[in-house]
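Read through the structure below, which is laid out as structure tokens, and then see the notes.
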Amino acid sequence: MITLRVLGTSVTLLETLRLRAEQELGIRLVYQVHDVEQAQRIAVMQPDSYDLYDQWFHNVDFVWPARAIQPIDTRRIALWHEINDLPKRGRLSPKDRLGSGSVPSERLFVQHDGSLGSTVTERISMLPLTHNADSFAYRPERLPAGFSRANESWGWLLDPAWSARTALQSDAAIGALDAALAVQGAGLARFSDIGNMSIEEIDVLADILVRKQKEGHFAAFWSDDEEAAQLMLSPSIDIQSLWSPTLMWLHRAGVKYRLAVPREGYRAWFGGLSLSRHATGPVLDAAYAYLNWWLSGWPGAMMARQGYYIGNPARSRDYLSSAEWDYWYAGLPAREVLPGSDGLPLIEVGEVRDGGSYEQRMGHVAVWNSVMDEHNYLVRRWGDFMRARS
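Just so we're aligned: the sequence shown equals residues 5 to 394 in the numbering used here.
What follows is the structure, encoded as structure tokens:
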């Protein structure tokens, strides 16, 4: 029996998916689950230790130049034609704004000179699969006077009204974007390209954050869904940037929260699978079978129950009840109690997904998760911020 080693994070490497894929594909799957930065480091430095890399399009900016991954031949992807325009063209509809940052379409296709770009070819860097639009959540019952859900802004994360009750994501590539959106939303600074800031702009951002940190504004930082959930469940945190699985944790705990629809737009991400350069022969064939399996409908339905979208949503509709589809994709009130990805009841009757439909949410992207040209400098200055103390 062939063994496939999949490197990634807890975002998509779920045990239910692993067991189902093993059963349907007749292979042995080993999920190598790490935090964001460790998975990325292994992907770049140890491509012989995995066969498939499951992370995000902005990570391609690290693994492709390192030649850690090989091109995927779309002629071997049976449902490639079903994947929508969001990863292929950068937006679902031509009227949607094109977010800044590491736009998936700009690093999707392998060009004839070996670089990555948006000109369509038959070879891609990563199979585009799961994606979502992230913002921040807060406890509505603790909303300070003068604040309104009709006017939500990233700037709230820096507002003194939330001082000492705010938490941020700790990874520089993601947390710094949330912080930059907050700085801009609060009117403290403007960035010409929030997804690719200059050294001078990074200094402006870092100096503001260090000052806030020394004032004791930030109560905590989190690196994964479980940490984020524990913070939001604690009495000391009222507002924080969040990822969708954390919202599921809070649902289960009966915590009332609101996922903001920021007027500035969401920070979005697009995940997928890449092939290690070391995958050859029968292992490569099994890897392609796994890539195709991800587009088969059932995995996308599982992702929906975790709050994520899939690149070919229509295929997953067959594996979701009409009530599930209406809640997760159409933005309509839940007509019945809906299950989470673990099969247990999650969404109550009458609940509506914050932000509306798939088209509304993914059409309101301010910036995509990014690797900036000055990423190394950003990491250094982000470290200054994280180490600063009140």
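The beta-carbon is built from N, C-alpha and C at its ideal position, and this holds for glycine as well. This structure is a prediction, so every number in the text was calculated from the model and none was measured.
Apart from sequence neighbours up to five positions away, the residues of its chain that approach S174 with a beta-carbon distance below 8 Å are F225, W226, S227 and M390, ordered along the chain. Taking 3 residues as the minimum length, the beta strand (DSSP E) runs contained wholly in the region 229 to 265 are 243 to 246, in order along the chain. In this structure the region 154 to 162 does not touch the region 293 to 306; the number of beta carbon pairs closer than 8 Å is below three. DSSP places V34 within a strand segment (E or B) once states are collapsed to three.
Taking all protein chains shown into account, Q50 has fewer than 16 neighbouring C-beta atoms within 10 Å of its C-beta and is therefore exposed. By the Cβ test, the region 245 to 263 is in contact with the region 311 to 321, since at least three Cβ pairs between them sit closer than 8 Å. Per DSSP, I351 is one residue of the beta strand (DSSP E) stretching across P349 to I351. For T13, the closest of R45, R24, E28 and E26 by C-alpha to C-alpha distance is R45. A check of alpha carbon separations from L277 across N63, G269, V187 and R32 identifies N63 as the nearest. Taking H255 as the centre and dropping the five residues before and after it, the same chain places the C-beta of L350 closer than 6 Å to its C-beta, in chain order. Taking C-beta separations shorter than 8 Å and ignoring five residues to either side along the sequence, the partners of D207 in its chain run R385, following chain order. Along the region 124 to 189, the alpha helix (DSSP H) occurs as fully enclosed runs of 4 or more residues at 176 to 189, listed in sequence order. Bounds of the alpha helix (DSSP H) holding L288 are G285 to W298. In the three-state DSSP reduction, R9 falls in the strand class (E or B).
By the criterion of a C-beta distance shorter than 7 Å, G360 is surrounded in its chain by G335, once the five residues flanking it on both sides are discounted.
Annotated as proximal: A223 and I241, with beta-carbon spacing under 8 Å. In this structure, the straight-line span from the alpha carbon of H221 to that of D138 is close to 22 Å.
Taking C-beta atoms as the reference points, A308 and W273 fail to come closer than 8 Å. Straight through space, the alpha carbons of R24 and M5 are spaced by roughly 16 Å.
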